[in-house]
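Here the numbering used here is used: the first residue of the sequence shown is 2, the next is one more, and so on.
Just so it is clear, CB atoms sit at the ideal spot from N, CA and C, and this is done for glycine as well.
Each remark here refers to the structure printed beneath this line.
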Amino acid sequence: MMVNWLSEIVDYGVIGLLLVLSVLVVAIGLERWLFYRKADIHAVESAKSLELMLSRRLFVIASVASNAPYLGLLGTVFGIMLTFHNMGQDAANIDAGRIMTGLALALKATAAGLVVALVAVSLYNALLRKVKVLTLEWEIAHGR
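See below:
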């Protein structure tokens with residue numbers, strides 16, 4: 002009973018959540034990039050309004066970037082727990098190949114978390130750079 006439950010959490014829960022978060026990050030990144038290309042920054046009257054307009058939803062990308070490795074690690078812990086549980090159920094016939102396969106599959110969650118985090122961090126840094134450039138262009142145009 003516990004084996005199936007943990008296996009489902011690792012495969013569909015943790016990795017599924019990481020997949021959803023990666024799609025969300027890419028969607029927000031594309032939306033922001035397209036917005037920055039069309040934004041008329043010279044029509045904005047105040048620096049605070051400009052900052053608000055440009056930084057909208059960037060916190061989501063930053064949050065995913067900082068938490069995705071922990072979600073992956075959680076999946077790995079569940080996977081290792083599952084492997085140890087399986088070993089305990091059949092202690093008389095411990096097969097090193099099954100143990101190594103279980104541990105390797107457990108690590109897929111960490112790998113997925115790291116991939117999502119790397120994409121999110123790169124995207125966040127690129128978008129933050131664009132925000133800084135647009136802000137500086139606005140300040141130059143407005144004599145500040």
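Query, Result
"Nearest residue (CA-CA) to Ser8, options Trp139, Val117, Phe85 and Lys131", "Phe85"
"Where the alpha helix (DSSP H) through Glu140 begins and ends", "Ala97 to Ala142"
"Three-state secondary structure assigned by DSSP to Arg33", "helix"
"Classification of His134 by the beta-carbon crowding that lies within 10 angstroms, buried from 16 upward", "Position check: residue 134 holds Val in this sequence, whereas His was assumed. That one is exposed."
"Status (buried if at least 16 other CB within 10 Å, exposed otherwise) for Tyr13", "exposed"
"Cβ-based neighbour list, Ile95, same chain, cut-off 8 Å, excluding 5 preceding and 5 following", "Met88"
"Test item: CB-CB of Val122 and Ala66 under 7 Å", "yes"
"Candidates Tyr71, Leu31 and Arg58: closest to Ile16 by CA position", "Tyr71"
"Span separating the alpha-carbon of Val21 from that of Ile81", "23 Å"
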